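*Asks:* Shown below is the structure under consideration.
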Amino acid sequence: MLKKTIIAFVAFAGLMSAQAATDATNWRASVDQLMNKGEFTQASQLMRKLPSKVRKANAVTIDSLNQIMGRIRKDFTLLPEDGVKQIREKMPDATDEQIDNWKKVKAIEVMNIDGKELWFRKAVRNLWLLGEEFAEVNQADNTEGSEKLRKYVVRAMRTVPDANGVRDWHHVNVTFTLDVDADAIPAGETLRVWMPIPYENLRQKNIKLESSNRPVTWSEGSKHHTVYMEAVAEKGKPTHFEYTFSYDVGERHIAQQDLLAMVEPYKNTPEYVKYTSSEYPHIVITDAMRELAEQIVGTPEENPVLAASHIYHWIASRFPWAGAREYSTIKNIPEYVLENKHGDCGQVGLLYITLCRAAGIPARWESGYMLHPGEVNFHDWGETYFEGVGWVPTDASFGRTTEHSEQMRDYYATGMDIYRMASNEGVGDKLSPEKKYIRSETVDCQMGEVEWKNGNLYYDKWNSSFKLNSIEPVK
6 MLKKTIIAFV AFAGLMSAQA ATDATNWRAS VDQLMNKGEF TQASQLMRKL PSKVRKANAV
66 TIDSLNQIMG RIRKDFTLLP EDGVKQIREK MPDATDEQID NWKKVKAIEV MNIDGKELWF
126 RKAVRNLWLL GEEFAEVNQA DNTEGSEKLR KYVVRAMRTV PDANGVRDWH HVNVTFTLDV
186 DADAIPAGET LRVWMPIPYE NLRQKNIKLE SSNRPVTWSE GSKHHTVYME AVAEKGKPTH
246 FEYTFSYDVG ERHIAQQDLL AMVEPYKNTP EYVKYTSSEY PHIVITDAMR ELAEQIVGTP
306 EENPVLAASH IYHWIASRFP WAGAREYSTI KNIPEYVLEN KHGDCGQVGL LYITLCRAAG
366 IPARWESGYM LHPGEVNFHD WGETYFEGVG WVPTDASFGR TTEHSEQMRD YYATGMDIYR
426 MASNEGVGDK LSPEKKYIRS ETVDCQMGEV EWKNGNLYYD KWNSSFKLNS IEPVK
């Protein structure tokens with residue numbers, strides 16, 4: 006996995022010019038070999054010792070290679086002995102054989118870096134979610150979560166939908182802040198910052214920037230909707246960015262029986278081709294993915310509504326939620342989910358999108374924040390396209406919570422509650438204005454992005470906050 010991760014990550018970043026690659030073949034081959042073996046320290050040392058001309062010509066690529074190694078190091082910090090101790094604090098009778106087996110079945114994620122075995126920093130917490138021994142407790146948690154979601158949906162369904170089938174409109178007010186650490190860059194240098202903003206679609210409208218502490222540039226032509234700001238760093242002082250925005254959001258759900266009555270055969274339009282094709286590096290339609298999609302859907306299954314439903318429930322019933330590694334360090338996220346048998350919201354969302362496309366069903370990414378009372382957080386989901394209907398929201402991750410609820414089992418397959426802020430309508434696009442260096446999050450933009458003239462600033466140099474000020478019914 007490590008070998009594939011390094012190679013694919015650098016290829017995905019697309020950060021190396023053809024001329025630089027030609028001039029630097031020898032050092033790149035050596036660095037790749039070291040990184041593939043997990044010899045990160047030696048790889049960094051080799052790059053530091055390169056001639057200044059080579060370093061200058063390949064500055065962005067060198068930054069990317071160092072960033073990926075740094076991100077993996079930050080994710081794999083738990084020493085095995087400390088991990089075992091944590092497990093036995095909660096489960097004193099856990100044997101060495103059990104722990105070895107948990108590693109074997111990927112319930113505990115491990116990497117070897119600089120000759121040392123290291124565990125993923127969330128490995129023990131994930132174990133309680135993934136180990137078969139704890140399935141009964143986790144199912145009880147899902148039942149409780151499903152009941153909470155049902156209450157939100159029942160209220161929405163009592164309201165009258167508009168012409169687009171959207172109802173229960175609410176007005177949302179949010180303040181987003183981002184603070185860069187003091188002396189993260191030299192005083193007098195300029196910080197470039199991108200932060201999320203909702204975009205107009207069937208379920209979101211009346212988007213308004215209420216206030217900001219600095220001049221704002223709205224993104225143009227990107228799937229990642231952001232506001233962009235700049236500021237000059239001052240010595241010894243953190244740099245603060247803040248803006249408040251509002252928008253209206255509504256609930257939309259189309260029951261399966263209604264979809265079956267409305268759906269039409271797909272037309273071979275450019276949009277259909279686009280959303281049933283590969284979108285590297287994570288939405289990759291291989292022969293293996295096509296075969297898996299066919300196994301899930303069954304043969305023949307010509308109705309895309311039923312086919313998409315089969316894929317949705319197959320994922321919901323097989324891949325439990327677990328804390329995720331940084332997406333930018335994973336070669337191909339759907340394959341990672343299949344191999345490791347778990348995934349967070351975005352990871353199973355990408356698997357759903359890939360399998361749908363492999364089955365000839367257009368699907369795409371959407372993400373931003375979930376705003377459920379007491380649970381405001383990042384969240385990712387998807388949309389599925391049915392001819393004669395249009396794009397329909399699909400949340401494969403929430404499907405895991407509602408899979409065993411008779412009333413809610415199908416809701417998130419073709420529906421979305423009001424507690425959302427969508428700022429991304431696709432994956433891996435360029436930011437606007439364009440960012441020079443590799444992003445902290447290469448799939449979309451939720452926490453924000455920060456860079457200066459000499460490189461990207463990763464999450465350990467800044468923090469951001471999404472504050473839900475209010476969410477009230479539209480009168």
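When you line the sequence shown up against the numbering used here, it's residues 6 to 480, in that order. All C-beta atoms in this analysis are idealised placements derived from N, C-alpha and C, irrespective of residue type, glycine included. Bear in mind that the values here come from a model prediction, so they are computed numbers and not experimental data.
1) Quick check: the region 113 to 125 against the region 79 to 91, are at least 3 beta-carbon pairs closer than 8 Å?
2) Pull up the CB-CB distance for residue 257 and residue 183, whole angstroms please, since I reckon it's below 8 Å.
3) Would you mind stating whether residue 472 and residue 179 have Cβ atoms separated by less than 8 Å?
4) Consult DSSP for residue 284 and reduce its assignment to one of helix, strand or coil.
5) How is residue 244 classed by DSSP in three states: helix, strand or coil?
6) Taking C-alpha atoms, which residue in 287, 159 and 303 lies nearest to residue 333?
7) Check for me: the alpha helix (DSSP H) holding residue 89 runs from which residue to which?
8) Would you say residue 307 touches the ligand MG, meaning its beta carbon is less than 7 Å from a heavy atom?
9) Measuring only the C-alpha atoms, how far is residue 377 from residue 35?
10) Taking only three categories from DSSP, how would you classify residue 259?
11) Could you pull the DSSP bridge partners for residue 233 from this structure?
12) Can you check whether the CB of residue 368 is closer than 8 Å to the CB of residue 290?
13) Start and end of the beta strand (DSSP E) containing residue 185?
14) If I measure Cβ to Cβ from residue 92 and keep anything under 8 Å in the same chain, skipping five residues before and after, which residues do I get?
15) In the DSSP assignment, find the alpha helix (DSSP H) that holds residue 443 and state where it starts and stops.
16) Taking DSSP as the reference, what is the three-state secondary structure of residue 467?
17) DSSP on residue 121, reduced to helix/strand/coil?
18) Less than 6 Å between C-beta atoms, sequence neighbours within five positions excluded: which residues of the same chain meet that for residue 216?
19) In or out: residue 245 buried (at least 16 other Cβ within 10 Å) or exposed?
20) If distances are taken between C-alpha atoms only, which option among 346, 358, 233 and 242 comes closest to residue 279?
*Replies:* According to the data block:
1) yes
2) Rounded, the Cβ-Cβ distance is 31 Å, inconsistent with contact.
3) yes
4) Strand.
5) strand
6) 287
7) 85 to 95
8) Ligands are entirely absent from the displayed structure, and the ligand MG is therefore not among its contents.
9) Cα to Cα, residue 377 sits roughly 49 Å from residue 35.
10) coil
11) 199 and 222
12) no
13) Per DSSP, residue 185 belongs to the beta strand (DSSP E) from 171 to 185.
14) 99, 104, 129 and 132
15) From DSSP, residue 443 is part of no alpha helix (DSSP H); its letter is neither H nor E.
16) strand
17) strand
18) Closer than 6 Å at the Cβ level, and outside the excluded window around residue 216, lie 249.
19) exposed
20) 358
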